[in-house]
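In what follows, a structure is listed as structure tokens, so that the remarks can point back to it.
Number of protein chains: 2
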Amino acid sequence: MMTTVDAVSFRLHQAKLQVLFYRRPCAPFQHDLALPSTQVNKAHDRCLADALLRIFIDYKLPTPAFSEQVITVGGSERDPRGWSASVVYFCLFKDEQMLAQEGWHWLDVAPLLQGEGEIAFDHRQLVTHAVERLKMKSRYSTLPVYLLGEEFTLSELQQAFEVILDVPLNRAAFRRRISRANLLEETGNSRTGNQRPAALYRRRGSGEVLFDQVMNGCAQ
Amino acid sequence: MMTTVDAVSFRLHQAKLQVLFYRRPCAPFQHDLALPSTQVNKAHDRCLADALLRIFIDYKLPTPAFSEQVITVGGSERDPRGWSASVVYFCLFKDEQMLAQEGWHWLDVAPLLQGEGEIAFDHRQLVTHAVERLKMKSRYSTLPVYLLGEEFTLSELQQAFEVILDVPLNRAAFRRRISRANLLEETGNSRTGNQRPAALYRRRGSGEVLFDQVMNGCAQ
DNA sequence: ACAATAGTGTCTATAAGACAATATGGT
DNA sequence: ACCATATTGTCTTATAGACACTATTGT
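Structure representation (structure tokens):
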């Protein structure tokens, strides 16, 4: 039986959530868009996480800032070549590390979930699962920080949440929450523009922070 | 490569959370306790959930009231026979349907997680994963109802949460929460004893209910 | 001065947790 | 009457969301 690890790789680009695909050079689903994937290799992979990392190493892509297993799907109908199983991970990248990768396609998540694009296998469904997980966790954790660069403003962080959750958030409440999480530290620098400069922050050591209450968005 | 589906089957018995094991008749790990499991069968299983159900059918066990995929682990060190992958599900059973199953062992979760018992493979670790998931979801959903019988009192439901979370809960808050969930309906019957009878409830159609706020227990 | 965005103060609503009062059966 | 548990009322605290006010830069 064929067992693969598939990566649903997210980035935020121009206020859109995007997922990484490549165009399949050969059948089945020739010319369709597919998720980067690899067969589990008994000789090289000590565990499934190794196989995931090998995807990015083999394709000379950067290493994800965060990754997490989402689901494993298996069945006889997924691949015309026969029974197969895929272990699906979602991976978060900083936009800046993913500039100008030749031969790769970043697709906006929204139209993709609406059914746009020629997508190979059940990969649209796999993206749906990964987006669901990302949205769910973004409601009660600080996961989206991993989609931002080294330094960022609180407004940029809020926008990351808003893009993922697809709902506007209350500014004051958002800032209180992030402040309580004690997740960030000021870098001392600030981002300037045609307005009041914003303080820049970086992640502090600690990892993901979980909250006792979820965010539901606001009316604004 | 060997791909199996493993079941972490929970029940509540005498105010303890227990997991179902059997004793391995042959090597490797002969005589150790192992989780019920089956190899994915290309001919008989259309998907992974089919393989899970086949475990219970093949062993003539009842069907779980609820099941959910937890994680997939894979690696070269898990099984002395070579690289293997296991898709782990947790399954919830009503205590009453699991009485007197010959040849099966229900182990209390607490000592199991403390390292007690001779457990085959990495199955103790798999139980740890499943318990974590069950605890996490019990903090913000109504999942534990699937561990109770047809009819139950609110005190019994609260005790189910308390056993899983291993923390006492506030009675008034718990009842308000369950009431808001609109998950139950009174059966009209009541449970009698040497005290005021308690109203009996049953699950109403709707499935699992998610809350916006998690329970943290109380001082009592 | 004005535009634009950053940052904060304060009010309301909701729900958790604390605690105690009341209700209702068996003995 | 008394015990044990069920059920409910109410107070406090924490946090989300609403909304508006102040702050600080470039033009």
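Protein chains in written order, with the working numbering: chain L, 1 to 220; chain C, 1001 to 1220. Quick reminder that beta carbons are idealized off the backbone N, C-alpha and C, glycines included.
Margin query: Is C/Gln1114 close to chain L? Criterion is C-beta to C-beta, closer than 8 angstroms.
Written below: no
Item checked: Whole-Å CB distance - C/Leu1143 paired with C/Leu1012, under 8 angstroms assumed -> Wrong, their Cβ atoms sit about 12 angstroms apart, outside the cutoff.
Next item on the list: Report all residues from its chain with a CB closer than 7 angstroms to the CB of C/Phe1029; omit the five preceding and five following residues, and keep chain order.
Entry: Ala1120 and Phe1121
Check: Are any of the Cβ atoms in chain L nearer than 8 angstroms to that of C/Ser1076?
Finding: yes
Note to self: Give me the residue from C/Val1073, C/Pro1062, C/Arg1024 and C/Gln1213 with the minimum Cα distance to C/Thr1128.
What the structure shows: C/Val1073
Check: C/Thr1003: buried (16+ other C-beta within 10 angstroms of its C-beta) or exposed?
Finding: buried
Next item on the list: Could you name each continuous beta strand (DSSP E) segment of 3 residues or more that falls completely within the segment 1070 to 1103 of chain C, going from the start of the chain to the end?
Entry: 1084 to 1092
Checklist line | Nearest neighbour of L/Ala45, chosen from C/Ala1160, C/Ser1084 and C/Gln1097 [CA to CA] | finding: A quick correction: the sequence has Asp, not Ala, at residue 45 of chain L. Relative to L/Asp45, the option among C/Ala1160, C/Ser1084 and C/Gln1097 whose CA is nearest is C/Ser1084.
Next item on the list: Quick one: using the 10 Å Cβ neighbour count with 16 as the cut-off for buried, is L/Thr38 buried or exposed?
Entry: buried
Margin query: Please report the straight-line C-alpha distance between C/Val1070 and C/Ala1007, rounded to a whole angstrom.
Written below: 10 angstroms
Next item on the list: Kindly list the residues whose CB is nearer than 6 angstroms to the CB of L/Asn170, restricted to its own chain and excluding five residues on each side of it in sequence; keep chain order.
Entry: If the five residues before and after L/Asn170 are omitted, its C-beta is found closer than 6 angstroms to the C-beta atoms of Cys218, all from its own chain and listed in chain order.
Check: Can you find a C-beta in chain C that's less than 8 angstroms from the C-beta of L/Thr3?
Finding: yes
Margin query: Ignoring anything shorter than 3 residues, give me the beta strand (DSSP E) runs that lie fully in the segment 1159 to 1209 of chain C, in order along the chain.
Written below: 1184 to 1191 and 1198 to 1203
Item checked: Residue environment, L/Leu210, which counts as buried when at least 16 other CB atoms sit within 10 Å -> exposed
Next item on the list: Check whether the Cβ atoms of C/Arg1023 and C/His1105 sit closer than 8 angstroms, and answer yes or no.
Entry: The answer is yes: Cβ separation under 8 angstroms.
Margin query: So for L/Met215, helix, strand or coil by DSSP?
Written below: DSSP, read as helix, strand or coil, puts L/Met215 in coil.
Next item on the list: Using a threshold of 8 angstroms, state whether the C-beta atoms of C/Met1001 and L/Val40 are closer than that.
Entry: yes
Item checked: Cα-Cα separation, L/Leu154 to C/Asp1079 -> Cα to Cα, the separation comes out at about 48 angstroms.
Next item on the list: Within its chain, find whatever has a CB closer than 7 angstroms to the CB of C/Ala1160; leave out the 5 residues flanking it on each side and keep chain order.
Entry: Leu1012, Pro1144, Leu1147 and Leu1148
Check: Assuming L/Pro36 and L/Ile55 make a contact with CB atoms under 8 angstroms, what is their CB distance in whole Å?
Finding: 5 angstroms
Notebook entry, point to check: Thinking just about the alpha-carbon of each residue, which of C/Leu1053, C/Glu1077, C/Phe1090 and C/Gly1082 is nearest to the one in C/Phe1010?
Noted result: C/Phe1090
Notebook entry, point to check: In whole angstroms, what separates the C-alpha of C/Ala1110 from that of C/Leu1017?
Noted result: 8 angstroms
Note to self: For a test of the three-state rule: what should DSSP assign to C/Arg1221, helix, strand or coil?
What the structure shows: Examination of residue 1221 of chain C is not possible in this model, given that chain C is present from 1001 through 1220 alone.
Next item on the list: Could you check the C-alpha separation between C/Cys1047 and C/Leu1092 for me, to the nearest Å?
Entry: 20 angstroms
Next item on the list: Taking only the alpha-carbon atoms, compute the straight-line gap between L/Ala198 and L/Val19 and give it to the nearest angstrom.
Entry: 29 angstroms
Check: When DSSP builds the beta bridges, which residues end up paired with C/Gln1018?
Finding: C/Arg1011 and C/Asp1108
Notebook entry, point to check: Is any beta-carbon of chain L found at less than 8 angstroms from that of C/Ile1164?
Noted result: no
Next item on the list: Measure from the C-beta of C/Asp1006 to each C-beta in chain L and report whether the shortest distance is under 8 angstroms.
Entry: no
Notebook entry, point to check: Is the beta carbon of C/Val1005 less than 8 angstroms from the beta carbon of C/Val1131?
Noted result: No, Cβ-Cβ distance for C/Val1005 and C/Val1131 is not below 8 angstroms.
Checklist line | First through last residue of the beta strand (DSSP E) which encompasses L/Thr38 | finding: Ser37 to Gln39
Next item on the list: Residues of the segment 1042 to 1053 of chain C with a CB closer than 7 angstroms to any CB of chain L: list them in chain order, please.
Entry: Listed by position along the chain: Lys1042, Arg1046, Cys1047 and Leu1048.
Next item on the list: Determine the DSSP secondary structure at C/Phe1029, reduced to helix, strand or coil.
Entry: coil
Check: Based on the DSSP output, what are the partners of L/Ala34 in its beta bridges?
Finding: L/Tyr22
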